[in-house]
Amino acid sequence: MRYTLTVNGRRHEVSGAPSLPLLAVLRDDLELTGSRYGCGKGQCGACYVIADGRAVASCLMTLEQAANTEITTIEGLARGDALHPVQQAFIDEDAMQCGFCTSGMIVEAAALLAREPVPDEVTIRETMAVHLCRCGVYGGVIRAIQRAAAS
């Protein structure tokens, strides 16, 4: 089947089974590789994108579901050469090591700040709890989100 996806403000015509995971379309068809395949079960956060303002696991969202939403990936957060405040804060706070989980965390944080511009630390921790980081940069992530909220 053919679907029209709106990703990072651009329309794309793609073909695939209705149940095809959005993550596969993003990486394989649209060559947007910032969202990572981690667990394939929506439990690690590596594949998160923003769908209609909400952070979601793109490994669980189907092509059919995505066709009816505005999708923003990590690649769509920056505006030209200007990084999104969360992206800049992650750099400033050195809130990454290997980087595998980083794009999902940044996307989740951007969605959080869009709906709640100044979240408290408990809200940040609860929101970010789904994201697994083997390097253990959680303290830096919390500081980065607080910095982005303050900017």
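In our numbering, the protein residues as written are 7 to 157. Ideal placement from N, C-alpha and C gives every residue a C-beta, glycine not left out.
Secondary structure at residue i, three-state DSSP: helix, strand or coil?
i: ARG16; result: strand
i: LEU28; result: helix
i: SER21; result: strand
i: VAL4; result: In the structure as shown, the chain begins at 7 and stops at 157. Residue 4 is therefore absent and cannot be evaluated.
i: GLU70; result: helix
i: GLU99; result: coil
i: GLU37; result: coil
i: VAL147; result: helix
i: ALA156; result: helix
For the beta strand (DSSP E) containing residue i, name the first residue and the last one.
i: ARG131; result: Not the beta strand (DSSP E): ARG131 falls in the alpha helix (DSSP H), residues 127–134.
i: VAL143; result: Unbroken run through VAL143: none, as it is neither H nor E.
i: GLU76; result: 76–78
i: ALA57; result: 54–57
When the Cα of residue i is compared with those of the options, which residue comes out closest?
i: ILE80; options: GLY44, ILE56, GLY48; result: ILE56
i: LEU69; options: GLY86, ASP87, ASP35; result: ASP35
i: ARG17; options: GLU76, ARG131, GLY105, CYS139; result: GLU76
i: VAL113; options: ARG131, ILE97, HIS90; result: HIS90
i: LEU138; options: VAL31, THR39, TYR54; result: TYR54
i: PRO123; options: THR78, GLY46, ASP58, SER157; result: SER157
Considering just the uninterrupted stretch of the alpha helix (DSSP H) at residue i, what are its terminal residues?
i: ALA6; result: Nothing can be reported for residue 6: it is not among the residues displayed for the chain, which extend from 7 to 157.
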